[in-house]
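**Q** Structure provided below as structure tokens; questions to follow.
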Amino acid sequence: MRHLLPKPIERIALRIAHRLRHYWRRIAKPQLHAITVLVRDERGRVLFIRHSYGPPGWALPGGGIVGNEPPAEAARREIREELGLTLPDLDLLDTFTETVSGAPQTAHVFVARADGDPTPDGREVVEARFFAPDAVPGPISALTRRRLDALRKPRG
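Throughout the sequence shown, residue numbering follows the working numbering, covering 2 to 157 in sequence.
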């Protein structure tokens, strides 16, 4: 059904679905599996996005893992669908156990290089821009801050 609706109608549907999903997670507390990708450009800046739903402000691209999909495949799929980018080099940066909307979540955080300029899909993602990790305008969530902090940790 996706992409059969005009973009403005789909954005409204996504806002409603986001609220319903939030309440369902608080009640059912399902185990969630997600990915986040810290997409960097040649200057070391990180790609941030604005969703058509959820809290206002900048966030990192990512999404849910579908079924038994390997996390790296989920990362590539989400970035391709929402931003039109392919990720030839994708490295696992960290894995977090956290709580999202009252439900437990395992989040796999990847780092990758952009293979071009992002093209937001206009449905889920309405804007995408690169920022220095310490120069993102406006407030960012604690989960986003945690993922950015993982970039600063020594890797070995």
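Beta carbons are placed, not taken as given, at the ideal position from N, Cα and C, and that holds for glycine.
Because the structure is a prediction, the values reported are computed rather than measured.
1. Per DSSP, which residues does GLU99 bridge with? Please list them.
2. Restricting to runs no shorter than 4 residues, where is the alpha helix (DSSP H) found entirely within the segment 35-71?
3. If you reduce the DSSP assignment to three classes, tell me which class LEU91 lands in.
4. Which of the three DSSP states is assigned to ALA129 in this structure?
5. Just the Cα atoms here: how many angstroms apart are LEU91 and LYS8?
6. Note down, in chain order, each residue of its chain lying with its Cβ closer than 8 Å to the Cβ of ALA14, except the 5 sequence neighbours on either side.
7. Ordered along the chain, which non-local residues of its own chain (more than five positions away) have a Cβ less than 6 Å from that of HIS109?
8. What does the alpha-carbon distance come out to for the pair GLY139 and ALA151?
9. Taking 8 Å as the threshold (beta carbon to beta carbon), is PRO62 in contact with chain D?
10. Out of PRO119, TYR54, PRO105, state which residue places its alpha-carbon closest to the alpha-carbon of LEU88.
11. Spell out the partners DSSP gives VAL112 in its beta bridges.
12. For a test of the three-state rule: what should DSSP assign to LEU144, helix, strand or coil?
**A** Reading off the structure:
1. Sequence index remark: in the sequence shown, residue 99 carries index 98 (1-based). BP columns for GLU99 point to GLN106.
2. Listed in chain order, nothing qualifies, since the segment 35-71 has no complete alpha helix (DSSP H) run of 4 or more residues.
3. Locating residue 91 in the sequence shown gives position 90, where the first residue counts as 1. LEU91 falls in the strand class under three-state DSSP.
4. Counted from its first residue, the sequence shown places residue 129 at position 128. Three-state result, ALA129: strand.
5. Reading the sequence shown from its first residue, position 90 is the one you call residue 91. Reading the sequence shown from its first residue, position 7 is the one you call residue 8. The straight-line gap from Cα to Cα measures roughly 30 Å.
6. On the sequence shown, position 13 is the one that residue 14 refers to. If the five residues before and after ALA14 are omitted, its C-beta is found closer than 8 Å to the C-beta atoms of LEU6, all from its own chain and listed in chain order.
7. Position 108 of the sequence shown, counted from the start, is the residue given in the question as residue 109. Taken in chain order, the residues that qualify are ILE36, PRO72, THR96.
8. For the purposes of this step, residue 139 is taken as the residue at position 138 of the sequence shown. For the purposes of this step, residue 151 is taken as the residue at position 150 of the sequence shown. When rounded, the distance between both Cα atoms is 20 Å.
9. Of the protein chains in the structure, only one exists, and it is not chain D.
10. Along the sequence shown, one-based indexing puts residue 88 at 87. If we check each option's Cα against that of LEU88, PRO119 comes out closest.
11. Here the question's residue 112 lines up with position 111 in the sequence shown. According to DSSP, which records beta bridges pairwise, VAL112 is partnered with LEU39, ASP92.
12. On the sequence shown, position 143 is the one that residue 144 refers to. Note: LEU144 maps to helix in three-state DSSP.
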